[in-house]
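Sequence order for the protein chains is A and B. If you count the first sequence from 1, position 185 lands on 195 in the numbering used here, and the numbers rise without skipping. If you count the second sequence from 1, position 49 lands on 59 in the numbering used here, and the numbers rise without skipping. This report concerns only the one structure given below.
2 protein chains.
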Amino acid sequence: MSATVLYMSMSLDGFIAGPNQGPGNGLGDAGHRLHDWILGGAPTEHSGVPGRPSGANGTMMDELMATGAVVAGRGTFEPAGGWEGDHHDGVPIFILSRRPEAEEAQWPLMTYVSDVEEAMAAAKEAAGEKEVLVHGAGTAQLALAAGVLDELQIHLVPVLLGEGRRLFEHLGADHIELEPTRIVEGAGVTHLRYRVLS
Amino acid sequence: MSATVLYMSMSLDGFIAGPNQGPGNGLGDAGHRLHDWILGGAPTEHSGVPGRPSGANGTMMDELMATGAVVAGRGTFEPAGGWEGDHHDGVPIFILSRRPEAEEAQWPLMTYVSDVEEAMAAAKEAAGEKEVLVHGAGTAQLALAAGVLDELQIHLVPVLLGEGRRLFEHLGADHIELEPTRIVEGAGVTHLRYRVLS
């Protein structure tokens, strides 16, 4: 059975982007710091693009890239240029949007969905036995509130950003209990995995 | 040489107390959840007070109780009833306060200090070779901003509190880099230790 898993890099003070996040500045000012652990791989010989990071960080990236569907919000999707229509390996992508009709079928792999529960259900169906990659703070908050986020994979980066966009906000005062299921130390990052219990 | 070490239990979403924190409600509404890992020890035979927790959590408590001085703010000190004048083992306690004169010498072990740098320097001097236990969000923020906090010992609790008082706020947009020095998995908590680099 598929599970919906939030993959996010977060600073110890809870930020997933620096300040002034927006189009053309998707990670906010100096927010690229949060992705240093991913870019730690040596540049590939021909392209100059960073290769797969080594060690535990590479394993984490492999897991992320083995997911069978993607759910993200417009705030993640748009600054990323829609991943040029393909996040990885041609898996289906579900974009949460309050005005889906106008944008439907802009990219062949993408489906615009206005309801988070519907998006998660469709993504699980599409992913089959594989996990669903969930991305973005807004999507995470909606999914947690609706009880449709199964797991968290937090890449905890050893820095205090000080300002920016927080991953966890607007959740209300009811506690959401988590069960730690795996802790992996990578180079320049700690990978914390949790099951969402309630 | 002594080091100033912030010891704080924090939820994954960054809170060190629930909402409505104040006198008589030091951990805020339902904030006691953050201390469950400490209270996991079995009640001692006679007192009914929880004993030292077992395993890694007990080791963490031992480290905390081996510190040679305490620095805390009034927001920590007052809800705790001033620890009845003795936090542990009679070590000197330095309380950050903007109006120190009126309160000086209320308790024999306590010194009221208005400046965080002065408080940390005095505590290090008093602690000798031992660490200085730093406690409280306000004190942490002042000490980080002044560059006088050497290490962080975060007891990361697997829960999203949703609302309450955050540990890291008002730090400004300059990044503070950290170096992870130790990760210990305890029962119901993950102990993350960092050196503050810049």
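Just so it is clear, CB atoms sit at the ideal spot from N, CA and C, and this is done for glycine as well. All values derive from a computational prediction rather than experimental measurement.
In this structure, the straight-line span from the alpha carbon of PRO89(A) to that of GLU128(B) is close to 46 angstroms. Close CB contacts of MET20(B) within its chain, under the 8 angstroms cut and outside five residues either way in sequence, are with ILE26, LEU44, ILE164, HIS165, LEU166, VAL167, LEU177 (chain order).
Within chain A, the residues LEU181, GLY182, ALA183 have their CB atoms less than 8 angstroms from the CB of GLU173(B), given in chain order. Cβ neighbours of ASP39(A) within its own chain (closer than 7 angstroms, five residues either side excluded): GLY28, PRO29, ASN30.
For LEU159(B), same chain residues with a beta-carbon under 7 angstroms away, outside a window of 5 residues either side, are THR14, LEU16, VAL144, ALA150, ALA153, VAL206 in chain order. 8 angstroms or more divides the Cβ of TRP117(A) from the Cβ of GLY85(A).
From the listed residues GLY157(A), ALA131(A), HIS180(A), the smallest Cα separation to GLY148(A) is found for HIS180(A). Going by C-alpha positions, ALA136(B) is about 16 angstroms away from LEU106(B). Within the stretch 41-52 of chain A, the residues whose Cβ lies closer than 7 angstroms to some Cβ of chain B are ARG43, listed in chain order. Take the alpha-carbon of MET130(A) and the one of MET130(B): they are about 50 angstroms apart. The beta-bridge partner set that DSSP reports for PRO190(A) consists of TYR204(A). ARG108(B) counts as exposed, since fewer than 16 other C-beta atoms from the protein chains shown sit within 10 angstroms of its C-beta.
According to the DSSP assignment, LEU119(B) belongs to no beta strand (DSSP E), since it is labelled neither H nor E. Nearest CB-CB separation between GLY138(A) and chain B: not below the 8 angstroms threshold. Of the other Cβ atoms in all chains shown, fewer than 16 fall within 10 Å of the Cβ of SER124(B); this residue is therefore exposed.
Neighbours of PRO29(B) across chain A, judged by C-beta separation under 8 angstroms: ALA183.
Secondary structure within the stretch 123-198 of chain A: the alpha helix (DSSP H) runs of 4 or more consecutive residues, fully enclosed, are 126-137, 147-156 (chain order). Taking 8 angstroms as the CB threshold, PHE104(A) stays off the interface with chain B. Membership of MET75(B) in any beta strand (DSSP E) is not indicated; the residue belongs instead to the alpha helix (DSSP H) covering 65-75. Here LEU22(A) carries a coil assignment [DSSP, helix/strand/coil]. By the neighbour-count criterion, in which a residue is buried when 16 or more other Cβ atoms sit within 10 angstroms of its Cβ, PRO63(B) is buried. Within the DSSP secondary-structure output, ILE103(A) pairs in a beta bridge with VAL80(A), MET120(A). Under the Cβ criterion of 8 angstroms, TYR122(B) is not counted among the residues facing chain A. By the neighbour-count definition (other C-beta atoms within 10 Å, threshold 16), ARG192(B) is an exposed residue.
Within its own chain, the residues whose Cβ lies closer than 6 angstroms to the Cβ of MET75(A), once the five positions on either side in sequence are excluded, are HIS98, listed in chain order. Around the C-beta of GLY95(A), fewer than 16 other C-beta atoms lie within 10 Å, and the residue is accordingly described as exposed. Contact between MET71(B) and ILE48(B) holds: CB atoms are separated by about 7 angstroms, below the 8 angstroms threshold. For PRO63(A), the nearest beta carbon of chain B is not closer than 8 angstroms to its own beta carbon. Contact note: GLU195(A) reaches chain B through PRO190, ILE193, using a C-beta cutoff of 8 angstroms and chain order. Just measuring C-alpha positions, the residue of THR200(A), SER208(A), TYR204(A) sitting nearest ASP46(A) is THR200(A). Under a criterion of Cβ atoms nearer than 7 angstroms, no residue of chain A is adjacent to ASP160(B); the nearest Cβ is some 14 angstroms distant.
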